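Residue numbers (UniProt numbering): 1 to 316.
Quick reminder that beta carbons are idealized off the backbone N, C-alpha and C, glycines included.
Values in this document were obtained by computation on a predicted structure and should not be read as measured data.
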């Protein structure tokens, strides 16, 4: 059965004058062009052209075919051109996004309305989750994850690194004092860390950010958690020291979410890093995806610079 492609090919041949010019324009062989037109004629049961070695002459049926469909091709090309032009100058459409809750809380979510104001034709569907995501299966366009994804077909870029530190509140220090050494932590109630697979490490490593020396000490066991956001609620009790990410000091202090002032405990030490990765489809060339990914990268770059300044650390 003939297709619209075959008819459009016929229209293009008429406009370009012969098979040779058409073959050059479409970057195919002359024999391919000739074969397709012959198949079209056989399917229709009519002759469209009278061939010779250099050019061809339209039959009466060929003229009718050309006059009937030439406007369709012009309109087709114009519609495609209009779509491409609009997309290049004005990104539009819906983006399905997956973001980790703890990173998005005060670092990304508050800035999303500004992005929407800048790009009024873009809509965002945001899913806050920390689980493994399958872009194709779940229909997700862009995701930030805290691990290198198992999918080998996605495009992966490290976009942010959060450093794990420990905190308490001013009220806690008034009640129980402030530990000044790693050894003194044993005298305090400290929340331990549970990994996402529910494994509780026996020991935890403390790294001095200036000397890079590492120290191992036993993981606190009175209470262990696997969610940095929940650490904030533990800290609000003023009864415990808990871990969290370095950006909490700059972007949560004094907010309605956390009105109490956080104090970094042993600020010269950190307890590991948590990288975050931006993932998207490798063949995704949609302008709306590009501008949203650029927005995320620029935003997190500014935030990392501010956090690094707070702790006097400028490496990732």
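Alpha-carbon to alpha-carbon, residue j and residue i
i	j	result
residue 28	residue 41	20 Å
residue 36	residue 64	19 Å
residue 33	residue 23	7 Å
residue 172	residue 285	51 Å
residue 165	residue 110	24 Å
residue 235	residue 169	7 Å
residue 62	residue 72	16 Å
residue 7	residue 69	8 Å
residue 147	residue 121	32 Å
residue 16	residue 39	20 Å
residue 315	residue 212	Below a pLDDT of 50, predicted positions are generally treated as unreliable, and residue 315, at 46, falls in that range; the measurement from the model is reported next regardless. Rounded to the nearest angstrom, the two C-alpha atoms are 12 Å apart.
residue 104	residue 25	50 Å
residue 308	residue 101	22 Å
residue 174	residue 133	44 Å
residue 261	residue 311	16 Å
residue 188	residue 247	24 Å
residue 223	residue 118	45 Å
residue 99	residue 302	18 Å
residue 115	residue 281	21 Å
residue 129	residue 5	45 Å
residue 112	residue 167	28 Å
residue 150	residue 56	57 Å
residue 97	residue 249	26 Å
Sequence-distant residues of the same chain with beta carbon closer than 6 Å to residue i, five excluded per side
i	result
residue 257	Because residue 257 carries a pLDDT of 49, less than 50, the predicted location of this residue cannot be relied on, and the following value inherits that uncertainty. Same-chain partners within the cutoff: there are none.
residue 176	none
residue 21	none
residue 137	none
Span of the beta strand (DSSP E), counted from its first residue to its last, around residue i
i	result
residue 3	Where residue 3 is concerned, there is no enclosing beta strand (DSSP E), given that its DSSP letter is neither H nor E.
residue 243	242-245
residue 94	93-99
residue 263	262-265
residue 273	273-280
residue 218	214-218
residue 57	56-58
Limits of the alpha helix (DSSP H) - the one that residue i falls within
i	result
residue 232	228-235
residue 308	287-311
residue 113	112-118
residue 31	30-44
residue 26	19-26
Buried/exposed call for residue i, threshold 16 Cβ in 10 Å
i	result
residue 155	exposed
residue 140	buried
residue 270	buried
residue 183	exposed
residue 163	buried
residue 265	buried
residue 179	buried
residue 242	buried
residue 193	buried
residue 318	For the chain, the structure presents residues 1 to 316; residue 318 sits outside this window and is missing.
residue 304	buried
residue 210	exposed
residue 263	buried
residue 3	exposed
residue 200	exposed
residue 228	buried
residue 107	buried
residue 195	exposed
Beta-carbon proximity list for residue i, same chain, < 8 Å, skipping 5 on both sides
i	result
residue 159	144, 276, 277, 278, 296, 297, 300
residue 274	146, 161, 162, 163, 164, 245
residue 95	122, 123, 124, 125, 141, 142, 288, 289, 292
residue 205	214, 215, 216, 271, 272
residue 202	218, 219
residue 198	226
Residue i Cβ short of 6 Å to the ligand ATP heavy atom set
i	result
residue 62	Of ligands this structure carries none, so the ligand ATP is not represented either.
Own chain partners of residue i with C-beta closer than 7 Å, once the 5 adjacent residues on each side are dropped
i	result
residue 19	13, 30, 33, 34
residue 53	Here the model assigns residue 53 a pLDDT of 49, short of 50, so the residue's position is not dependable, and the following value carries that caveat. Around residue 53: no qualifying Cβ.
residue 231	191, 225, 242, 243, 244
residue 46	61
residue 11	66, 69, 70, 73
residue 153	282
residue 221	192
residue 59	47, 48, 49, 50
residue 341	What is shown of the chain runs 1 to 316, which leaves residue 341 out entirely.
* Asked: Whole beta strand (DSSP E) runs in the region 126-163 with 3 or more residues, listed along the chain?
  -> 142-145
* Scan the region 159-206 and note each continuous alpha helix (DSSP H) run of 4 residues or more that stays entirely inside, going in chain order. => Listed in chain order, the alpha helix (DSSP H) runs fully inside the region 159-206 are 170-176, counting runs of at least 4 residues.
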